[in-house]
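Numbering (my numbering), first residue to last: 19 to 409.
What follows is the structure, encoded as structure tokens:
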């Protein structure tokens, strides 16, 4: 379908795609609510739009996993999702009616966020098959995410909220181009044929070995980022924080994430995956309660370092637990299900509730997110106890 004029190493191809995607995602995640506000949406409607984008992920993530596993070439799934994302974001340009924006938010958000579990599974599989390190290409994506945070924040401060969509659209276009450069990732015909007991096998695998507790802990702790993803930029700007500083705050959190993931190998040798989930839950409660009291700007930066635990420890803890306790042939599906719940259902509910919380309490709405964090911590500690009992 597409032949490169020069031979580019596989890790470079994945790095380019990760870089393009996260360059746009670095603007999309914190600043689309600013664009919604620019288009005149109320806090409740901003929450509904954020919830729609996250709910779309519930459908997109599992469908993407199925498409990637059953299509003749895995690249097709990423190209399809990248194209849908680009055209959906382009459709935002003339949109003015709130409900039209919410519908587009569901389509664009589902396709754009649905890219993540597909490319992660594809890149990990290719890195194992072709013997290259998965970490550097993924880290390049985190670096461009920071560039998106800072660059888009500065551009919004200069040109206004419409710049958020422009930056995101450029990132989506680059994702389409770099998707064409990815390896084909051919699936063998015998692997694409659905097995008679496939559905039953998936169900049995996903409800065994403590996985339901891991799913619940991960979904609740990650879902508690709903106010942060949906309203942190709006709330901080309302308190006088410049858009450029908002970008730096987000970049600080992602920088802490990169450092944590880089040095997490030694920690995982000492701390169990279930305990990692517990660390994420405890840090989440502390983070959201601290941000709810509107600390000064200089103090926001240290609190952003907690992202290393609230996101990274939770993310890594679930990945390792699922890898250790689910059959290898269902590893991608476990990640897709986790994405559908943590980045879809729970995050959508939290984002929708955040609209009302922001209207009622402003930045104090961060405190509402301590509730799902606390529930997630309970499930994580239950998983710790269950794992000790099994051993």
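No residue lacks a Cβ here, since even glycine has one placed at the ideal position from N, Cα and C.
Small disclaimer: the values here were computed from a predicted structure and weren't measured.
Helix, strand or coil at residue 199 according to DSSP, with G and I counted as helix: Correct three-state label for residue 199: coil.
Spatial neighbours of residue 330 within its chain, please: CB distance less than 7 Å, with the 5 preceding and 5 following residues excluded, ordered by chain position. For residue 330, where only same-chain residues beyond five positions count, the Cβ hits under 7 Å are 275, 278, 279.
Can you say whether residue 73 is buried or exposed, counting buried as having 16 or more other CB atoms within 10 angstroms of its CB? Of the residues assessed, residue 73 falls on the buried side of the cut-off, its CB having 16 or more other CB atoms within 10 angstroms.
In or out: residue 272 buried (at least 16 other Cβ within 10 Å) or exposed? With 16 or more Cβ atoms within 10 Å of its Cβ, residue 272 is classed as buried.
Do the region 288-298 and the region 385-405 touch if we need at least three Cβ pairs shorter than 8 Å? The answer is yes - the region 385-405 touches the region 288-298, with three or more Cβ pairs under 8 Å.
Residue 399 - DSSP class collapsed to helix/strand/coil: Note: residue 399 maps to helix in three-state DSSP.
Which of the three DSSP states, helix, strand or coil, is assigned to residue 312? Residue 312 carries a coil assignment under DSSP once its states are collapsed to helix, strand and coil.
Below 8 Å on the Cβ atoms is my guess for residue 237 versus residue 391; work out the distance and round it to an integer in Å. Taking the Cβ atoms as the reference, residue 237 lies roughly 12 Å from residue 391, outside the contact range of under 8 Å.
How should residue 318 be labelled, buried or exposed, when 16 other C-beta atoms within 10 angstroms of its C-beta is the threshold for buried? Around the Cβ of residue 318, a 10 Å sphere holds 16 or more other Cβ atoms; the residue is buried.
For the alpha helix (DSSP H) holding residue 367, just list the boundary residues, first then last. Here the alpha helix (DSSP H) through residue 367 covers 364-379.
Pull up the distance between the alpha-carbon of residue 270 and that of residue 37, whole angstroms please. If you take the alpha carbons of residue 270 and residue 37, they lie about 18 Å apart.
Measuring straight from C-alpha to C-alpha, what distance separates residue 210 and residue 137? The pLDDT assigned to residue 210 is 46, lower than 50, so where the model puts this residue is not dependable, and the model offers no usable value.
For residue 302 versus residue 381, is the C-beta spacing smaller than 8 Å? No, the pair does not count as a contact, with Cβ atoms beyond the cut-off.
Is there contact here, the region 354-364 with the region 255-262, by at least three beta-carbon pairs under 8 Å? Between the region 354-364 and the region 255-262 there are fewer than three inter-stretch CB-CB distances shorter than 8 Å, so the stretches are not counted as touching.
Inspect the CB distances between the region 178-185 and the region 53-67 and report whether three or more fall short of 8 Å. The way I'd put it, the region 178-185 does touch the region 53-67; three or more beta-carbon pairs between them come closer than 8 Å.
In angstroms with no decimal places, state the Cα-to-Cα distance between residue 159 and residue 379. When rounded, the distance between both Cα atoms is 34 Å.
The alpha helix (DSSP H) with residue 340 in it runs from where to where? Residue 340 -> alpha helix (DSSP H) spans 332-343.
Rounded C-alpha distance that separates residue 388 from residue 322: Straight-line Cα distance between these residues: approximately 16 Å.
Once DSSP output is grouped into helix, strand and coil, what is the label at residue 39? DSSP places residue 39 within a helical segment (H, G or I) once states are collapsed to three.
If I measure Cβ to Cβ from residue 191 and keep anything under 8 Å in the same chain, skipping five residues before and after, which residues do I get? Only 104 meet the Cβ criterion.
Taking Cβ positions, are residue 189 and residue 43 nearer each other than 8 Å? The beta carbons of residue 189 and residue 43 sit closer together than 8 Å.
Excluding five sequence neighbours on each side, which residues of the same chain lie with their C-beta closer than 6 Å to the C-beta of residue 265? Cβ within range, chain order: 167, 168, 171.
Let me know the secondary structure DSSP gives residue 392 once reduced to three states. DSSP places residue 392 in the helix class (H, G or I) of the three-state scheme.
Rounded distance between the beta-carbons of residue 357 and residue 75, thought under 8 Å: Indeed, because the Cβ distance is near 7 Å, the residues count as touching under 8 Å.
Beta-carbon proximity check, residue 196 vs residue 34, cutoff 8 Å: Less than 8 Å separates the beta-carbon of residue 196 from that of residue 34.
Short Cβ contact (8 Å threshold) for residue 29 with residue 154: Yes, the pair counts as a contact, with Cβ atoms nearer than the cut-off.
So what does DSSP say about residue 257, is it helix, strand or coil? Residue 257 falls in the coil class under three-state DSSP.
Which whole runs of the alpha helix (DSSP H) in the region 125-177 are 4 residues long or more, in chain order? Restricting attention to alpha helix (DSSP H) runs no shorter than 4 residues, the region 125-177 encloses them at 153-177, ordered along the chain.
Applying the criterion that 16 or more other CB atoms from any shown protein chain within 10 Å of the CB defines a buried residue, is residue 117 buried or exposed? Flag for residue 117 reads exposed.
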